[in-house]
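Counting from 252, one number per residue, gives the positions in the sequence shown under my numbering.
For reference, the structure discussed in these notes is given below.
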Amino acid sequence: MTVLLDPDRIAMVAKGVSAIVASRDAALRPSIMRAVGSHISGDGQEVTVYLRRSQSEQLLQDIAHTGEIAVVFSVPSTHQTLQLKARRATQRPAHDGDLPVLQAYLQSMVQEVGQVGYGPQYVAAMLAAPLQDVVAVSFTPTSAFDQTPGPRAGAELCSPPTSPSPPSPPMPQP
């Protein structure tokens, strides 16, 4: 089953906000790392997060062995937060075609983190990643959760209901 995200949540992720990526090993030990970039398709059906291989060895190994991934996207200034999960994440080395995505993410994060008082040098250092050290991890979300602090925190986001079928005509009586 795939998750249908509403346009506001897709837009939140698309603008480039803080992304923390996690998985686990077979013994359920967690692994976690900050992404250095992210991208979401216009329909929300494909998400890619970018990780530094040199800083994410255990996480990448866990994703490769289990296929499982969880990513928390959060707006630093408001704490609006979305968690996406999937069971079939794939990995590939980043390439030159990923540079525009990584650069746009960096610029967005400079703006986002700047709103809470950290300058561009801080963000550049936090997200610095030579392309040859970056791995793209892609997945189709299978579940989504509102993780914004408040009364709905942890609530699963359900796909919009489908329109009910029109009633069947009554069966003729013999």
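Ideal Cβ placement from N, Cα and C applies to all residues, glycine included.
All figures in this text were calculated on a predicted structure; none of them were measured in a lab.
For this session: Could you name each continuous beta strand (DSSP E) segment of 3 residues or more that falls completely within the region 306 to 334, going from the start of the chain to the end?
Result: The region 306 to 334 contains, as complete beta strand (DSSP E) runs of 3+ residues, the segments 320 to 325 (chain order).
- prompt: Y373 to Q362, Cα distance in whole Å?
  reply: Within the sequence shown, residue 373 is the residue found at index 122, counting from 1. Within the sequence shown, residue 362 is the residue found at index 111, counting from 1. If I take the Cα positions, the gap works out to 12 Å.
In the DSSP assignment, what residue or residues form a beta bridge with Q342?
Along the sequence shown, read from residue 1 onward, the residue named residue 342 stands at position 91. Beta-bridge pairing by DSSP links Q342 to V388.
For the region 348 to 362 against the region 374 to 387, do three or more pairs of beta-carbon atoms, one drawn from each stretch, fall closer than 8 Å, so that the two count as touching? As far as the Cβ criterion goes, the region 348 to 362 touches the region 374 to 387, which means the pair count is three or higher.
Cα-Cα separation between S282 and R275, rounded to whole angstroms: For the purposes of this step, residue 282 is taken as the residue at position 31 of the sequence shown. For the purposes of this step, residue 275 is taken as the residue at position 24 of the sequence shown. In a straight line, the C-alpha of S282 is about 6 Å away from that of R275.
Worksheet entry | Candidates T399, K266, K336 and Y301, of which the one nearest Q462 by Cα | One cannot answer for residue 462 here, as it falls past the ends of the chain, which runs 252 to 425.
In this structure, how does DSSP classify Y301 when only helix, strand and coil are distinguished? For the purposes of this step, residue 301 is taken as residue 50 along the sequence shown, with counting starting at 1. Annotated three-state conformation of Y301 is strand, per DSSP.
A404 by DSSP, collapsed to three states: which one?
-> As a first step, residue 404 is located in the sequence shown; it is residue number 153 there, counting from the start. Collapsing the DSSP output to three states places A404 in coil.
**For T329 and R343, the rounded distance between their alpha carbons** = The residue labelled residue 343 in the question sits at position 92 within the sequence shown. The residue labelled residue 329 in the question sits at position 78 within the sequence shown. Approximately 32 Å, taken between the alpha carbons.
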